[in-house]
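**Student:** Sending over a structure as structure tokens; questions will come in a sec.
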Amino acid sequence: VMSAPEKVIILMEVVIDSIYKDVQVTRNGNLLVVFNADHRIQSWEFCNQGHRHSHSKEHLRVEVTQLVNLANATLKVNQQGGATFEQLKLASEGNIRVVSALVRKLDAPSVNDYGFSRQHMRCLQIADVVNKLEDMVDFCEGSGVVPTAGLKLFLQQAALERQAAAEGAG
């Protein structure tokens, strides 16, 4: 049960940067912070309004270097009086190979639609499952029932609590 807040601060246009292994994610949105009477944070909420991600130079260095080398080689051949069909074919295949590798790296979904890494989201999902299992174990111990019967009762109780909360809000 939360007590009445002492102070509420709303910050508009907040920017949060997260740096992962190969990408930097910049999120922008609003931040709501609720303080209690002891001036401690009671709760906070960040409303994500958008994000952008930037790949590090190191992540793309190999492909960019290969593209520069291919361009320099093609320029050198053209300055020497033109390229043969075989040289043009090899250069074209090299460009396709390098650009394909670059596209794969840039398109790899390292973050989700909200700008969070898959690893971060997986940790949140696991924490949620663990919390629910702890609630289930506590419920079974408190009710004195076995886990299979406890699960059925626990789900019924959770549904009743959700229904009561919805009626209270409505």
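Taking the numbering used here, the leading residue of the sequence shown gets 29, the next gets one more, and so forth. C-beta atoms are modelled at their ideal positions from N, C-alpha and C, and glycine is treated no differently. Keep in mind that this is a model prediction, so the values were computed, not measured.
1) When DSSP labels each residue in this structure, what does Gly196 get in the three-state scheme?
2) Compare the Cα-Cα distances from Ile38 to each of Asp50, Tyr48, Ser71 and report the closest residue.
3) Looking at the secondary structure, which residues open and close the alpha helix (DSSP H) in which Glu121 lies?
4) Would you please state the rounded distance, in angstroms, between the beta carbons of Gly143 and Arg89? I believe it to be under 8 Å.
5) Quick check: Gln52 and His81, are their CB atoms within less than 8 Å of each other?
6) Ignoring anything shorter than 3 residues or poking outside the segment 58-101, list the beta strand (DSSP E) runs there in chain order.
7) Rounded to whole angstroms, what's the CA-CA distance from Asp163 to Ala192? Just pull it up for me.
8) Sorry if obvious, but does the Cβ on Glu189 come closer than 7 Å to a heavy atom of the ligand MG?
9) Check whether the Cβ atoms of Asn58 and Val36 sit closer than 8 Å, and answer yes or no.
10) Taking the alpha carbon of Ile47 as the reference point, which residue from Lys117, Gln94, Ser145 has its own alpha carbon closest?
11) Looking at C-beta atoms only, is the number of pairs between the segment 87-107 and the segment 120-128 that lie closer than 8 Å three or more?
12) Among the candidates Phe113, Gly122, His79, whose CA atom is the shortest distance from the CA of Asn100?
13) Would you tell me roughly how many angstroms separate the C-alpha atoms of Gly110 and Leu118, rounded to the nearest one?
14) Let me know the secondary structure DSSP gives Lys160 once reduced to three states.
15) Measuring only the C-alpha atoms, how far is Glu73 from Leu179?
16) When the Cα of Lys49 is compared with those of Asn64, Val139, Gln77, Arg68, which residue comes out closest?
**Tutor:** Taking the definition as stated:
1) helix
2) The shortest Cα separation from Ile38 among Asp50, Tyr48, Ser71 belongs to Ser71.
3) Its alpha helix (DSSP H) spans residues 113-135.
4) About 23 Å separates the two Cβ atoms, so there is no contact after all.
5) yes
6) 69-83
7) 19 Å
8) The model on display carries no ligand, and the ligand MG is accordingly not part of it.
9) no
10) Answer by Cα proximity: Ser145.
11) yes
12) Gly122
13) 14 Å
14) helix
15) Counting only the Cα atoms, Leu179 lies some 31 Å from Glu73.
16) Val139
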